[in-house]
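> Heads up, the sequence shown is in the numbering used here, so the first residue is 1 and it goes up one at a time.
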Amino acid sequence: MSPIYSQYMLLVIGYPGNGKTTLASSICYENALEGYRYLYVSFYGDELYKSRAKRRPG
Numbered sequence: 001m002s003p004i005y006s007q008y009m010l011l012v013i014g015y016p017g018n019g020k021t022t023l024a025s026s027i028c029y030e031n032a033l034e035g036y037r038y039l040y041v042s043f044y045g046d047e048l049y050k051s052r053a054k055r056r057p058g
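#1: Here's a check: name, in chain order, each residue in its chain whose Cβ is nearer than 8 angstroms to the Cβ of GLY14, leaving out the five neighbours to either side.
#2: Which residues bound the alpha helix (DSSP H) around ILE13?
#3: Taking the alpha carbon of GLU34 as the reference point, which residue from SER26, VAL12 and MET9 has its own alpha carbon closest?
#4: State the Cα-Cα distance for the pair TYR36 and GLY17, rounded to the nearest angstrom.
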């Protein structure tokens with residue numbers, strides 16, 4: 001796997017359940033094994049997520 005250099009940004013988008021988190025985690029893990037650093041940022045701001053979060057017990 002080729003490294004993603006600091007002057008680049010990789011944006012992974014798609015529908016829920018399509019494997020975005022798995023893909024991003026795999027990319028970060030493989031690059032970390034090669035000695036590269038990474039920054040994983042996740043945003044949850046849509047109304048659907050907010051409404052689901054309010055209904056969760058606990």
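Even glycine gets a Cβ: it sits at the ideal position worked out from N, Cα and C.
Note that the coordinates shown come from a computational prediction; the quantities given were computed from them, not determined experimentally.
Taking the coordinates as given:
#1: In the same chain as GLY14, and ignoring 5 residues on each side of it, the C-beta atoms closer than 8 angstroms to its own belong to LYS20, in chain order.
#2: Looking at the DSSP string, ILE13 is not in any alpha helix (DSSP H), and its letter there is neither H nor E.
#3: SER26
#4: 28 angstroms
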